[in-house]
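Numbering (my numbering), first residue to last: 331 to 510. Don't be surprised by glycine CBs; every beta carbon is placed ideally from N, CA and C. Heads up: the structure comes next, in structure tokens.
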Ligand SMILES: [Fe+2]
């Protein structure tokens, strides 16, 4: 039987209740891959006819995690950014996303500047999911019509996050839904 959204939600709740740390999140990541291998799920929530935008598929009233479908129209390269005190899991539904994970080369004490260097680069293909733990900095680069499903530990609009201007090293606070 195909793995459905409702089952994924129930599993996320169970995994994160048992362990809200990296081990529970890793189970969420692996099961998001399973969900994205359900072609009916992908067509229903990320199909070509779905209107462009950021769609909240689920928000947990108790644990606060969110499941979001990112229905992108235009290609985009994001600046390096974090997810604040949350974590994020990106699961590719259509086409691909090029991921870069960055490390800080400074001591992290200056709130206005950061020195970054790329640590890891890879491409997420459909059915693959990557995880970015609390405070981790990454950037994304995707083509027109790329679509992905993201699970976040909480609604990122409610927490403080940063992005880094690579040219100047300036650190900026992110506004809601400015970047992914
Ligand atoms: Fe992100």
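Local Cβ density within 10 Å of residue 441, reported as buried at 16 or more and exposed below that: As a first step, residue 441 is located in the chain shown; it is residue number 111 there, counting from the start. Looking at its Cβ environment, which holds fewer than 16 other Cβ atoms inside 10 Å, residue 441 is exposed.
Does the distance from the C-beta atom of residue 505 to that of residue 470 stay below 8 Å? Taking the first residue of the chain shown as 1, we reach residue 505 at position 175. Taking the first residue of the chain shown as 1, we reach residue 470 at position 140. No, these two residues do not count as a Cβ contact at 8 Å.
Please determine, among 433, 398, 402, 360, the residue with the shortest C-alpha to C-alpha distance to residue 465. Translated into the one-based positions of the chain shown, residue 465 becomes position 135. Out of 433, 398, 402, 360, 433 has the C-alpha closest to the C-alpha of residue 465.
Since I believe residue 422 is in contact with residue 352 (beta carbons under 8 Å), could you give me their beta-carbon distance rounded to a whole number of angstroms? For the purposes of this step, residue 352 is identified with residue 22 of the chain shown, where counting begins at 1. For the purposes of this step, residue 422 is identified with residue 92 of the chain shown, where counting begins at 1. Not really, about 21 Å apart at Cβ, beyond 8 Å.
With distance defined between alpha-carbon atoms, name the residue in 362, 382, 332, 357 nearest to residue 474. Looking up residue 474 in the chain shown gives position 144. Considering only alpha carbons, the answer is 382.
Assigned secondary structure, residue 496 (DSSP; H/G/I helix, E/B strand, else coil): Position 166 of the chain shown, counted from the start, is the residue given in the question as residue 496. Reduced to three states, the DSSP call for residue 496 is coil.
Quick check: residue 378 and residue 332, are their CB atoms within less than 8 Å of each other? Within the chain shown, residue 378 is the residue found at index 48, counting from 1. Within the chain shown, residue 332 is the residue found at index 2, counting from 1. In this structure, residue 332 does not lie closer than 8 Å to residue 378 by Cβ.
At the level of alpha carbons, what is the spacing between residue 347 and residue 414? Taking the chain shown and counting its residues from 1, the one referred to as residue 347 is at position 17. Taking the chain shown and counting its residues from 1, the one referred to as residue 414 is at position 84. Between residue 347 and residue 414, the C-alpha separation is close to 21 Å.
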